[in-house]
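What the sequence shown shows, in this note's numbering, is residues 99 to 290, in sequence order.
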Amino acid sequence: MEVEVAKRWMALFNDKIQENKDYLSELDTPIGDGDHGGNMARGMTAVMENINSKDFESAADVFKVVSMQLISKVGGASGPLYGSAFMGITKVELANGSVYEALKAGLDMIKKRGKAEINEKTMVDVWTPVLEDIQSGHLSEEKIKSYVEKTKDIKATKGRASYLGERSIGHIDPGSYSSGLLFESLLEAGAL
Ligand code: ADP
Ligand code: MG
């Protein structure tokens, strides 16, 4: 990926996170502790401060900063999970892999760190089908939104929402919503 595309992707993601900060926390209120919007907004503010104040040689350098900032600035499960994802993405970018391969390494890191599989009502439920669509060249905004919406029907078995058991059904997973924003930003950045 070109440095400029990587930076554009992160800038678009930051815009969407800041715009949806309250909504993300609202989603995290009935099935969590109401901090997902604040967590992501804080993390992405730190990411943008770092990106805007440095020159980068490669997309991998950009993603390394994203990873470090998200891991260090976000308390809560989502920071280390997104941070690990960007660590996986950085590794593949260093080896000049494709966007699909980079994101696949990101998903593998999320699953390793969170020990979650598909259908547990976590961000894995958006990352997994989105990656299949990227591989087959059929990702669209509508599809992303449908995967996010589908997390409503799932009973949580990982993360805070799992404490609610059956009562987690009927609510969109907040980390899936923010992951949807990440992939909409990827499309808008022209990275695919
Ligand atoms: P916390 O749950 O610590 O308050 P956040 O509210 O920022 O952290 O993030 C919650 C989101 O993190 C969830 O909506 C879910 O998508 C994701 N998540 C939580 N636990 C896991 C896990 N074990 N594996 C993958 N994703 C997870
Ligand atoms: Mg939370």
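Using N, Cα and C, we set each Cβ at its ideal position, and we do this for glycine too.
| query | result |
| --- | --- |
| Proximity to Ile208 [Cα-Cα], best of Glu230, Ser176 and Val228 | Ser176 |
| Span of the alpha helix (DSSP H) around Glu117 | Val101 to Glu117 |
| Nearest-angstrom Cα separation, counted from Leu229 out to Lys202 | 7 angstroms |
| Buried versus exposed call for Ala254 [16 or more other C-beta atoms within 10 Å across all chains shown] | buried |
| Inter-residue spacing [alpha-carbon to alpha-carbon] between Leu285 and Glu239 | 8 angstroms |
| Assumed close pair Val190, Ala200 - CB separation to whole angstroms, cut-off 8 angstroms | 4 angstroms |
| Whole-angstrom C-beta distance between Gly181 and Asp133, which should lie under 8 angstroms | With a Cβ gap of about 16 angstroms, Asp133 and Gly181 do not count as contacting. |
| Spatial neighbours of Ser277 in its chain, beta-carbon cut-off 7 angstroms, leaving aside the 5 residues before and after | Met221, Val224 and Trp225 |
| Straight-line Cα distance separating Arg211 from Gln116 | 26 angstroms |
| Collapsed DSSP secondary structure at Ile169 in the structure displayed | helix |
| Same chain only: Cβ atoms within 8 angstroms of Gly136, ignoring 5 sequence neighbours per side | Lys119 and Ser123 |
| Assigned secondary structure, His236 (DSSP; H/G/I helix, E/B strand, else coil) | coil |
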